[in-house]
Amino acid sequence: MTATFTLEEINKVAKDILATPNLKKVITFHATMGVGKTTLIKELVKELGVTGNSSSPTFSLVNEYQSENGEIIYHFDLYRLNNELEAYDMGIDEYFYSGNWCFIEWPEKVPHLLPLDHASIVIRSLPNGKRELLLKND
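Structure follows, in structure tokens:
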């Protein structure tokens, strides 16, 4: 799936992502700082039925949300990790293999810990202020 959008259209993009057939529940997000990874994840969390505020887990590394129907969603921001051992020590593999949604910012910090079977989203900023998104789910 590819999409070009403005931040005002991010809700539609989140709906389109979640409508992807057989979408994997572990999704990595690749983009430079400030392109909109957290903003997109907030929309995905909202679309999955989480009420209340969601925020970036920049300092806690992971936030846990529960949807109205009881689904658990984990949002990781691994930017502040120094190495994979820190992630392993916090039990990150248990989250990744829990069967719950896992949205992972800065996955390049844990390349050897990511499940082989995951989806990835690449977002890049375009010169006109729009964003281009590529979802790989195979």
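If you want my numbering, it's the position in the sequence shown, counting the first as 1, plus 474. No residue lacks a Cβ here, since even glycine has one placed at the ideal position from N, Cα and C.
Straight-line Cα distance separating residue 609 from residue 558: What you label residue 558 is simply residue 84 of the sequence shown in a count that begins at 1. What you label residue 609 is simply residue 135 of the sequence shown in a count that begins at 1. Whole-angstrom Cα-Cα distance: 25 Å.
Residue burial classification, residue 565 (beta-carbon count within 10 angstroms, cutoff 16): Residue 565 sits at position 91 when you count from the first residue of the sequence shown. Exposed is the call here.
Cα-Cα separation between residue 542 and residue 525, rounded to whole angstroms: Within the sequence shown, the letter at position 68 stands for residue 542. Within the sequence shown, the letter at position 51 stands for residue 525. The straight-line gap from Cα to Cα measures roughly 7 Å.
Close Cβ partners of residue 600 (< 8 Å) along its chain, the five nearest in sequence each way excluded: Residue mapping note: residue 600 aligns to position 126 of the sequence shown, counting from 1. Closer than 8 Å at the Cβ level, and outside the excluded window around residue 600, lie 478 and 606.
For residue 551, the residue or residues it bridges with in DSSP: Against the sequence shown, residue 551 aligns to sequence position 77. BP columns for residue 551 point to 579.
Through-space distance from residue 550 to residue 501, alpha-carbon basis: Counting from 1 along the sequence shown, the entry for residue 501 is found at position 27. Counting from 1 along the sequence shown, the entry for residue 550 is found at position 76. Rounded to the nearest angstrom, the gap between the Cα atoms of residue 501 and residue 550 is 10 Å.
Same chain, Cβ closer than 8 Å to residue 487, neighbours up to 5 away in sequence not counted: Position 13 of the sequence shown, counted from the first residue, corresponds to residue 487. So the list reads 477, 479, 514, 517 and 607, once near-sequence residues are dropped.
Integer-rounded CB distance, given that residue 579 should sit under 8 Å from residue 553: As a working note, residue 553 is residue 79 in the sequence shown. As a working note, residue 579 is residue 105 in the sequence shown. Going by Cβ atoms, the distance from residue 553 to residue 579 rounds to 7 Å, so yes, they are a contact pair.
For residue 562, the three-state DSSP class (helix, strand or coil): The count along the sequence shown starts at 1 and reaches residue 562 at position 88. In this structure, residue 562 counts as helix in the three-state DSSP scheme.
Alpha carbon of residue 590 to alpha carbon of residue 556, nearest angstrom: For the purposes of this step, residue 590 is identified with residue 116 of the sequence shown, where counting begins at 1. For the purposes of this step, residue 556 is identified with residue 82 of the sequence shown, where counting begins at 1. Put simply, the backbone Cα of residue 590 is about 22 Å away from that of residue 556.
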